[in-house]
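Here the structure comes first, spelled out in structure tokens, and everything after it is commentary.
Residue numbers (this note's numbering), protein chains in the order written: chain A, 10 to 349; chain B, -17 to 128.
Okay, here's the thing in structure tokens:
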């Protein structure tokens, strides 16, 4: 079975060809120009997606040595993300679907991340715990099968990647600040300054990173009223990173122990953070749990993870379930449904 | 509730002030929030949403620019749009996200964080909430509502 997957929920325009759970190609066009502006810019994002999407899709097919006519389905990310960016991807996919008469599988971006560990590691045992950490998301899931998972908790305010980025802005670091903080932290002392670990002992699996942001602001104002001296930057970065990683790791391990799982998957852009990877791996080992650390191309937003889960769904539900072209895109999807 | 200047002593009081202020609001209203990173804009909005009995998670929409919640007013459902312009850099980007259409819709309540980036595209009867830090006190905030 062959799937062409399209992903354009935020910065990355990405396309991938998946064939029987194998990744034949995984093309990601990073929109590096964003770094000049200090954030993902909606206008630039959707415009850039428009410009690159057909090139990226064609490259994915070429690299996979496949023709579009050989595809059994097109998978596309429809939620969550920036509305404009999602629309570009979903309309492109609808166009292909109509022209080549191929079923189309609307796919949830977070679900892509949830199962991204299985692309590179076939030995992952169900159920497992998945921590999804990125600029827009911070949530813990218990995954029971390819069609069944449950949300254990999520951030009640800022995402962890958002915390890295906004605190980075306060420290005068370039966007995206996450990798920059990771790099600087390597030469800093993580115990130099004590920043709050919000909700560390909240007794649930929710997170909060907004207070950390406020606390860093006051810390800088009080300790360094004339500006942060450059030689202190590594210590501040290491201490901030330590505060974020502490909470992420503790809750992930707690969940893994409570649900007695063998594997913990850490996915999403923040999962590239070296301190998070090492700490989670070390702490989990003590509990006999294996942490699945993703290859960089599966940490960031990518289309392979979209095609991978879409193929499972197609196998389960059959092509007739995916003939509807009237689906819509949706900016947010983690929200609890209203009771009434 | 009388508008004016308030001092809140902690996060909870900022939330409570948002809750009490929400009594003013009716469909079509726009609330513009101003204040630095970490001032408590989202906290104030959480209070407003609680008043309208929003039972979904109210969190930062920085990534997706807009969250939509369903609230309740006089036993009717009311859409509440939580918009965050933090990442907007120029006015043409507001068009891209359909900001002017959203902001002038009269069936919903619009709560706009980082409203200084709305480039004047706000109705004249917009409520404005200014949250500023108090020097040397980590928890207190001065909140002006007009």
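Backbone N, C-alpha and C define an ideal beta-carbon position, used for all residues, glycine too. A quick note: this is a predicted structure, and the numbers were derived from the prediction, not measured.
CB contact check: residue 86 of chain B to chain A, cutoff 8 Å: no
Simplified DSSP assignment, three categories, for residue 182 of chain A: coil
Minimum Cβ-Cβ distance from residue -5 of chain B to chain A less than 8 Å: no
Sufficient close CB pairs (3 or more, under 8 Å) joining the stretch 10 to 17 of chain A to the stretch 299 to 312 of chain A: yes
Alpha helix (DSSP H) segments (min. 4 residues) lying fully within the stretch -14 to 20 of chain B: -7 to 3
Residues near residue 336 of chain A by beta carbon distance below 7 Å, same chain, minus five either side: 87 and 115
Of the residues A:83, A:291 and A:216, the one placed nearest residue 10 of chain A, counting alpha carbons only: A:83
Min CB distance residue 45 of chain B to chain A below 8 Å: yes
With 16 other Cβ atoms within 10 Å as the buried cut-off, status of residue 71 of chain A: exposed
Per-residue DSSP class, three states only, for residue 326 of chain A: helix
Cut-off 8 Å between Cβ atoms - residues of its own chain near residue 340 of chain A, not counting five sequence neighbours on either side: 88, 89, 90, 91, 92 and 95
Coarse secondary structure for residue 321 of chain A, derived from DSSP in three states: helix
DSSP state of residue 111 of chain A mapped onto helix, strand, coil: coil
Segment contact flag, the stretch 133 to 153 of chain A with the stretch 117 to 124 of chain A, C-beta cutoff 8 Å, min 3 pairs: yes
Beta-ladder partner(s) of residue 59 of chain B, from DSSP: B:54
Per DSSP, cross-strand counterpart(s) of residue 101 of chain B: Answer is none; residue 101 of chain B lacks a bridge partner.
C-beta neighbour in chain B for residue 206 of chain A, strict 8 Å: no
Neighbour flag for residue 55 of chain A against chain B, beta carbons, 8 Å: yes
Residue 207 of chain A in three-state terms, based on DSSP: coil
8 Å Cβ cut-off: residues of chain B touching residue 32 of chain A: The contacting residues do not exist; residue 32 of chain A stays about 26 Å from chain B at best.
Listed by chain order, chain B residues near residue 144 of chain A by CB distance under 7 Å: 45
Chain B contact for residue 177 of chain A (CB, 8 Å cutoff): no
Whole-angstrom distance between residue 35 of chain B and residue 57 of chain B, CA atom to CA atom: 10 Å
Within-8 Å CB hit, residue 41 of chain B to chain A: yes
Beta-carbon neighbours of residue 19 of chain B, restricted to chain A and to distances below 7 Å: 175, 179, 222 and 226
Complete runs of the beta strand (DSSP E) confined to the stretch 213 to 286 of chain A [at least 3 residues]: 272 to 276
C-alpha gap between residue 45 of chain A and residue 267 of chain A, whole angstroms: Only weak support exists for where residue 45 of chain A lies, its pLDDT of 47 falling under 50; the coordinates are left without a value.
For residue 144 of chain A, three-class secondary structure by DSSP: coil
Residue 49 of chain B: contacting residues in chain A (beta-carbon distance under 7 Å): 341
Any chain B beta carbon closer than 8 Å to residue 327 of chain A: no
Residues, ordered as in the chain, of the stretch 87 to 112 of chain A that lie near chain B by beta-carbon distance below 8 Å: 89, 90, 91, 92 and 93
Sheet register partners of residue 137 of chain A (DSSP bridge): A:152
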